[in-house]
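Q: Quick one: the structure is below, and I'll ask about it shortly.
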Amino acid sequence: MLLEEIMKTEVHSLNPDQTVQNVIDLFEKERIRHAPVVEDGKVVGVVSDRDLKDALPSRFTVSPKGDPYKKTVREIMTSDPVIAHPMDSVEEIAMVFYEQQIGCLPVVSGGKLAGFITETDLLYTFIELTGTHQPGSQIEVRVADRSGVLLEVSKVFYQHNINVLSVLVYPDREKKENKILVFRVQTMNPLALINDLRKEGFDVLWPNMPQINE
């Protein structure tokens with residue numbers, strides 16, 4: 000999946016000469032927590048609610064110098080931010096968010112602001128990819144890390160005429176020679192499916208319920 004598929008293209012931006020009060024007004028009106036800063040068509044920074052918090056006096060401040068609400072965006076913004084391109088993959092950008100410990104990224108194409116992506120956008124994309132937003136059940140199966148095993152497990156789903164909404168694969172931390180397959184399936188009653196998976200010799204880790212283990 001590419002960033003252009005999930006990024007916001009209608010972006011509320013700021014310019015460096017606007018004030019802290021302007022930022023507060025924008026954030027409250029649009030219910031946002033981040034905004035890119037654009038000057039002469041170029042992205043020069045980003046402002047977040049964290050920047051606002053740092054710019055404003057705390058309740059323990061006796062008498063702040065000057066009016067903090069008149070500070071300019073240029074004074075409080077994060078300059079030269081990390082940027083992304085619309086053709087970057089969502090997985091790569093998620094890694095950038097994690098490694099850089101950031102909450103948003105301007106998306107730039109041809110030197111111009113093309114979109115904006117936040118950690119909330121990435122989180123919802125993950126929810127969509129896993130099918131969690133749709134009614135269904137989750138089944139986790141431990142399998143050997145070998146070619147063809149996914150097909151073998153999928154045959155059991157096919158026999159039950161159950162639609163698979165998503166499949167995730169992650170390493171088994173207990174046994175490195177295995178993998179864990181996480182299926183999101185379109186049924187609210189997977190009991191018969193789970194029993195048949197076990198009859199075929201597959202190690203079903205979840206759901207791990209007494210009535211299933213009997």
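Quick note: the sequence shown uses numbering that gives the first Met the number 0, first residue 0, plus one each step.
Glycine residues also receive a C-beta, built at the ideal position from the N, C-alpha and C atoms.
Predicted model only: the values in this text are computed from it and were never measured.
#1: Are the Cβ atoms of residue 22 and residue 95 separated by less than 8 Å?
#2: Which two residues bound the contiguous beta strand (DSSP E) that contains residue 117?
#3: Nearest to residue 199 by CA position, among 137, 170, 182, 158, is which residue?
#4: How many angstroms separate the CA atom of residue 110 from the CA atom of residue 83?
#5: In chain order, what residues of the same chain lie with their CB nearer than 6 Å to the CB of residue 181, ignoring the 5 residues before and after it?
#6: Can you tell me where the alpha helix (DSSP H) with residue 194 in it begins and where it stops?
#7: Rounded to a whole number of angstroms, what is the C-alpha to C-alpha distance between residue 197 and residue 130?
#8: Exposed or buried, residue 125, counting other C-beta atoms within 10 Å across all chains shown (16 or more means buried)?
#9: For the candidate residues 132, 75, 39, 2, whose alpha-carbon lies nearest to that of residue 48?
#10: Helix or strand or just coil, what does DSSP make of residue 71?
#11: Assuming residue 171 and residue 141 form a contact by the criterion Cβ under 8 Å, report the distance between their Cβ atoms to the nearest whole angstrom.
#12: Going by beta carbon distance, what residues of the same chain come within less than 7 Å of residue 81, once the five residues before and after it are set aside?
#13: Could you tell me how far apart the beta carbons of residue 107 and residue 42 are, in whole angstroms, since I believe they sit closer than 8 Å?
#14: Inspect the beta-carbon positions of residue 190 and residue 156 and report whether they are closer than 8 Å.
A: According to the structure shown:
#1: no
#2: 111–117
#3: 158
#4: 11 Å
#5: 139, 167
#6: 190–198
#7: 24 Å
#8: exposed
#9: 75
#10: strand
#11: 6 Å
#12: 95, 99, 101, 104
#13: 6 Å
#14: no
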